[in-house]
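Colleague:
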Amino acid sequence: MTSVTQSEQSRAMTTPSPSAANYPGLDEWRNRTIGQHPQWAEHPDFASTIEELNAVPPLVFAGEVDLLRERLASVAAGEAFFLQGGDCAETFAGATADKISGRVQTLLQMAVVLTYGASLPVVKMGRMAGQFSKPRSSNLETRGDQTLPTFRGEMVNGFDFNESSRVHDPNRMLRGYHTSASTLNLIRAFTTGGFADLRRVHAWNMGFAANPAYARYESMAREIDHAVKFMAACGADFDALKTTEFFAGHEALLLDYERALTRIDSRTYLPYGTSGHFLWIGERTRELDGAHVDLLSRLRNPIGVKLGPSTTGEDALRLIDALDPNREPGRLTFIIRMGAKNIREKLPAIIQAVEGSGAKPVWVTDPMHGNTVSLPSGYKTRNFDDVVDEVRGFFEVHQALGTFPGGIHVEMTGDDVAECLGGSDPVNESSFAERYETLCDPRLNHMQSLEIAFLVAEYLSKQN
Ligand SMILES: O=C[C@H](O)[C@H](O)COP(=O)(O)O
Ligand SMILES: C=C(OP(=O)(O)O)C(=O)O
Numbered sequence: 001m002t003s004v005t006q007s008e009q010s011r012a013m014t015t016p017s018p019s020a021a022n023y024p025g026l027d028e029w030r031n032r033t034i035g036q037h038p039q040w041a042e043h044p045d046f047a048s049t050i051e052e053l054n055a056v057p058p059l060v061f062a063g064e065v066d067l068l069r070e071r072l073a074s075v076a077a078g079e080a081f082f083l084q085g086g087d088c089a090e091t092f093a094g095a096t097a098d099k100i101s102g103r104v105q106t107l108l109q110m111a112v113v114l115t116y117g118a119s120l121p122v123v124k125m126g127r128m129a130g131q132f133s134k135p136r137s138s139n140l141e142t143r144g145d146q147t148l149p150t151f152r153g154e155m156v157n158g159f160d161f162n163e164s165s166r167v168h169d170p171n172r173m174l175r176g177y178h179t180s181a182s183t184l185n186l187i188r189a190f191t192t193g194g195f196a197d198l199r200r201v202h203a204w205n206m207g208f209a210a211n212p213a214y215a216r217y218e219s220m221a222r223e224i225d226h227a228v229k230f231m232a233a234c235g236a237d238f239d240a241l242k243t244t245e246f247f248a249g250h251e252a253l254l255l256d257y258e259r260a261l262t263r264i265d266s267r268t269y270l271p272y273g274t275s276g277h278f279l280w281i282g283e284r285t286r287e288l289d290g291a292h293v294d295l296l297s298r299l300r301n302p303i304g305v306k307l308g309p310s311t312t313g314e315d316a317l318r319l320i321d322a323l324d325p326n327r328e329p330g331r332l333t334f335i336i337r338m339g340a341k342n343i344r345e346k347l348p349a350i351i352q353a354v355e356g357s358g359a360k361p362v363w364v365t366d367p368m369h370g371n372t373v374s375l376p377s378g379y380k381t382r383n384f385d386d387v388v389d390e391v392r393g394f395f396e397v398h399q400a401l402g403t404f405p406g407g408i409h410v411e412m413t414g415d416d417v418a419e420c421l422g423g424s425d426p427v428n429e430s431s432f433a434e435r436y437e438t439l440c441d442p443r444l445n446h447m448q449s450l451e452i453a454f455l456v457a458e459y460l461s462k463q464n
């Protein structure tokens with residue numbers, strides 16, 4: 001996945017880490033309002049689960065987290081682009097080799113389209129290996145005459161609509177940890193073991209349904225192939241193409257889990273969240289004096305914050321003060337999810353306030369979460385045209401202000417699902433009955449994901 005020096009690794013393995021148990025401030029969040037928190041503190045297995053999670057090995061190494069911060073600093077400086085994508089809600093059953101490779105393959109394809117189209121390095125990240133909990137608009141769900149707790153992601157409760165499945169069960173955090181570990185293990189194998197070798201650029205397209213975006217990718221892959229063969233004939237050494245850096249991030253919603261996986265780095269004696277490289281705070285839990293901002297402000301990981309349409313420039317400045325008081329390059333990413341109808345009107349004032357203060361966060365567009373609609377049939381969906389329009393709006397605003405549109409964050413999958421409406425091989429509602437699989441919000445399918453990558457590449461190439 002990412003490389004660390006041998007001396008860093010052996011030092012980390014031989015020096016006993018100081019304990020995170022008594023590190024000052026790491027439990028202050030418990031005195032704050034904890035938004036979207038599961039009701040499981042009284043569960044008989046709560047204490048033993050936390051004890052077990054306190055003792056498990058970290059899922060990511062602090063050196064990898066530092067490397068990501070450096071990579072994001074390049075994005076903030078306009079020298080690289082940040083691509084984040086994956087399921088809305090990962091599932092335990094979905095952690096299979098086929099499903100994981102489909103998502104990684106699609107992200108690699110998107111990254112190639114962006115790198116080739118825009119001549120920019122791409123920082124690649126899965127919304128994976130930890131995206132098992134969901135903030136919800138309502139605590140309860142009613143079907144017919146039965147009302148139960150809402151589904152909050154498989155690390156909290158089950159999707160099946162019955163009483164026992166919807167109980168908040170802390171044991172699920174352990175299953176989430178182990179599923180994340182095996183997912184990360186496979187991602188590391190894929191991205192360092194030859195699967196991600198750029199010379200396999202054609203192979204990444206195989207197994208996906210042929211469609212207009214697939215064909216467009218294939219023709220670009222042929223050009224890359226020619227270029228690679230030409231360089232090989234000139235004697236270039238392609239060892240660097242064999243592996244690729246790939247990071248993992250998720251919403252740090254379950255503070256019980258995040259706190260239990262906090263470790264003190266044996267090199268620096270500073271606290272790191274070791275459940276993933278990148279942790280973000282959601283739109284519903286970003287209160288300045290809330291628990292999520294407090295805990296994440298104390299971790300060394302690069303932190304993201306989702307900003308929805310109610311955000312003001314002042315809110316953004318206060319979040320910078322709380323989460324990035326030293327204005328450290330790569331520390332803070334603002335993930336903008338305004339909705340297509342708001343982005344052009346609301347984003348400029350936020351960017352102006354932030355840039356005017358001298359801060360340099362990474363600006364990322366999430367064109368999904370502000371564009372969700374519920375159909376009369378009950379399905380939640382997003383119109384692909386709205387997703388495209390929000391991406392366009394994001395680029396237009398940055399172009400007008402002379403700032404750098406640093407990245408894109410999408411809910412996507414490598415599977416041929418029918419969850420978002422439209423695209424150039426249009427998905428329509430009649431396919432939902434058979435191909436709507438998400439447990440929470442609708443994702444772009446493989447074709448729609450590639451289409452978005454081509455669109456972004458066009459905008460970026462104009463920018464450069
Ligand atoms: O994925 C994000 C949220 O969990 C989701 O949008 C909330 O959806 P809801 O309004 O159905 O609770
Ligand atoms: C809940 C999410 O987003 P937001 O906080 O932007 O609603 C999400 O990304 O899963």
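Going by the UniProt record's numbering, the first residue of the sequence shown is number 1, and it counts up by one from there.
Even for Gly, the Cβ is constructed at its ideal location relative to N, Cα and C.
State the CB to CB distance for the pair residue 102 and residue 414, rounded to an integer number of angstroms; the pair is presumed to be in contact (CB under 8 Å).
Modeller: 3 Å
Colleague: Take residue 9 and list the residues in its own chain whose beta-carbon comes closer than 6 Å to its own, dropping the five residues that flank it on each side.
Modeller: Model confidence at residue 9 stands at a pLDDT of 45, short of 50, so the residue's coordinates are unreliable; what they give is reported in the following sentence. Cβ within range, chain order: n/a, list empty.
Colleague: Three Cβ pairs or more, each shorter than 8 Å: is that satisfied between the stretch 386–403 and the stretch 427–441?
Modeller: Contact fails: fewer than three Cβ-Cβ distances are below 8 Å.
Colleague: Excluding the 5 residues preceding and the 5 following residue 19 in the sequence, name in chain order all residues of the same chain whose CB lies nearer than 8 Å to its CB.
Modeller: 264
Colleague: Would you give the residue range spanned by the alpha helix (DSSP H) that residue 146 belongs to?
Modeller: Taken as a continuous stretch (DSSP letters only), residue 146 belongs to no alpha helix (DSSP H), being part of the beta strand (DSSP E) at 146–149.
Colleague: Might you give, ordered along the chain, the residues of its own chain that have their beta carbon closer than 6 Å to the beta carbon of residue 417, omitting 5 neighbours on each side?
Modeller: 435, 437 and 445
Colleague: Between 322, 213 and 369, which lies nearest to residue 303 when the distance is taken from Cα to Cα?
Modeller: 322
Colleague: Please tell me whether residue 329 and residue 298 are closer than 7 Å, where the distance is taken between their beta carbons.
Modeller: Residue 298 is positioned such that its CB atom lies no closer than 7 Å to that of residue 329.
Colleague: If contacts are defined as beta-carbon pairs under 8 Å, then residue 83 and residue 111 qualify, I think. What distance do you get, rounded to the angstrom?
Modeller: 6 Å
Colleague: Which one or two residues does DSSP pair with residue 273 in a beta bridge?
Modeller: According to DSSP, residue 273 shares a beta bridge with 262.
Colleague: Tell me which residue opens and which closes the beta strand (DSSP E) that residue 279 is part of.
Modeller: 278–281
Colleague: Pull up the CB-CB distance for residue 291 and residue 255, whole angstroms please, since I reckon it's below 8 Å.
Modeller: 6 Å
Colleague: Per DSSP, which residues does residue 115 bridge with? Please list them.
Modeller: None; residue 115 has no bridge partner.
Colleague: Tell me whether residue 443 counts as near ligand 2, meaning its Cβ is closer than 6 Å to at least one heavy atom of that ligand.
Modeller: No, the Cβ of residue 443 stays beyond 6 Å of every heavy atom of ligand 2.
Colleague: Would you grab the beta carbon distance between residue 306 and residue 276 for me? Rounded to a whole angstrom, and I think it's under 8 Å.
Modeller: With 8 Å as the limit, residue 306 and residue 276 do not qualify as a contact, their Cβ atoms being about 16 Å apart.
Colleague: Please return the same chain residues whose Cβ sits closer than 7 Å to the Cβ of residue 74, not counting the five positions on each side in sequence.
Modeller: 80
Colleague: Quick check: the stretch 180–196 against the stretch 237–244, are there 3 or more CB pairs under 8 Å?
Modeller: yes
Colleague: Do residue 137 and ligand 1 come close, with the Cβ less than 6 Å from some heavy atom?
Modeller: yes
Colleague: Do you know how far the Cα of residue 52 is from the Cα of residue 308?
Modeller: 36 Å
Colleague: Tell me the rounded alpha-carbon separation between residue 162 and residue 185.
Modeller: 33 Å
Colleague: So, under 8 Å CB-CB, residue 380 and residue 442 are touching, yes? Tell me the CB distance rounded to an integer number of Å.
Modeller: 6 Å
Colleague: Would you identify the three-state DSSP class for residue 134, choosing helix, strand or coil?
Modeller: coil
Colleague: With DSSP run on the structure shown, which of helix, strand or coil describes residue 409?
Modeller: strand
Colleague: Of the choices 126, 268 and 273, whose alpha-carbon is the least far from that of residue 246?
Modeller: 126
Colleague: Mind checking who residue 154 pairs with in its DSSP beta bridge?
Modeller: Answer is none; residue 154 lacks a bridge partner.
Colleague: Sorry if obvious, but does the Cβ on residue 346 come closer than 6 Å to a heavy atom of ligand 2?
Modeller: no
Colleague: Taking residue 342 as the reference, which of 356, 386 and 324 has the closest Cα?
Modeller: From the listed residues 356, 386 and 324, the smallest Cα separation to residue 342 is found for 386.
Colleague: What residue range does the alpha helix (DSSP H) around residue 166 cover?
Modeller: Note, residue 166: premise wrong, no alpha helix (DSSP H); not H, not E.
Colleague: Using a Cβ-based criterion (distance less than 6 Å to any ligand heavy atom), does residue 134 qualify as near ligand 1?
Modeller: At least one heavy atom of ligand 1 lies closer than 6 Å to the C-beta of residue 134.
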